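In our numbering, the protein residues as written are 1234 to 1395. Ideal placement from N, C-alpha and C gives every residue a C-beta, glycine not left out. Note that the structure is a prediction, hence the values are computed from the model and not measured. Written out below as structure tokens is the structure these notes cover.
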Amino acid sequence: LALVLFGLPFIAYTAEDYVGAQKCKVCHMKIFKSWEQTPHAKAFDALKPGEAIEAKQKAGLDPQKDYTQDATCVGCHTTGAPDRPGVQCEACHGAGKQYSSATIMNRTLWKAEPEKQCAMAVEAGLVRAPTEQHCTACHNEKSPTYTPFDFKARYPEVKHPE
């Protein structure tokens, strides 16, 4: 089984390590609803024929071509596997298989001992806040639609609502 890099630099995950935004939504509905409205949530749609026409033309790409199966595109426009479209929670927070277990992501335990549960989640692979390296794994000069990326200026756009 080949290891692949998705979103998080230097950490190799397999597609099976990802749980998907639908699982995160169960406990993090407010964050999920906010994310749903973002370009990250809709990133996969930009690969479809007839979508993101101006950006594709500017990059010299065929706006009518289907890029949804293009390996050079799906790594940044999906999270963990092509069946998880968009830049989902785990693109920033790490593949959730280990830290999303019932032992760690347990509402009762989080309410009783949030610091302990958070420490357990981090130890199991949860990334609390993405770094510039997380973002520039995709937002870089290798992307055909690259525009200069300023992490400090753009981070507030993806920061979770309070």
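message: Considering Cα atoms alone, identify which of 1392, 1378 and 1377 is closest to residue 1384.
response: 1392
- prompt: Terminal residues of the continuous alpha helix (DSSP H) containing residue 1308?
  reply: 1304-1310
- request: Taking residue 1342 and residue 1350 to be in contact with their CB atoms under 8 angstroms, please state how far apart those CB atoms are, rounded to whole angstroms.
  value: 5 angstroms
message: Between the alpha carbons of residue 1240 and residue 1367, how many angstroms are there, rounded?
response: Per-residue confidence for residue 1240 stands at a pLDDT of 44, beneath the threshold of 50, marking its modelled position as unreliable; no derived number is given.
Runs of alpha helix (DSSP H) lying entirely within the segment 1314-1370, each at least 4 residues, in chain order: 1322-1326, 1340-1345, 1347-1356 and 1365-1369
field: Residues of its chain near residue 1307, where Cβ-Cβ distance is below 6 angstroms and the 5 sequence neighbours each way are ignored
entry: 1315
query: Looking only at its own chain, which residues have a Cβ that is under 7 angstroms from the Cβ of residue 1275, when we skip the five neighbours before and after it?
result: Only 1319 meet the Cβ criterion.
query: Count the other CB atoms within 10 Å of the CB of residue 1289; is the residue buried (16 or more) or exposed (fewer)?
result: buried
- prompt: What span of residues does the alpha helix (DSSP H) with residue 1289 cover, start to end?
  reply: Where residue 1289 is concerned, the enclosing alpha helix (DSSP H) stretches over 1286-1291.
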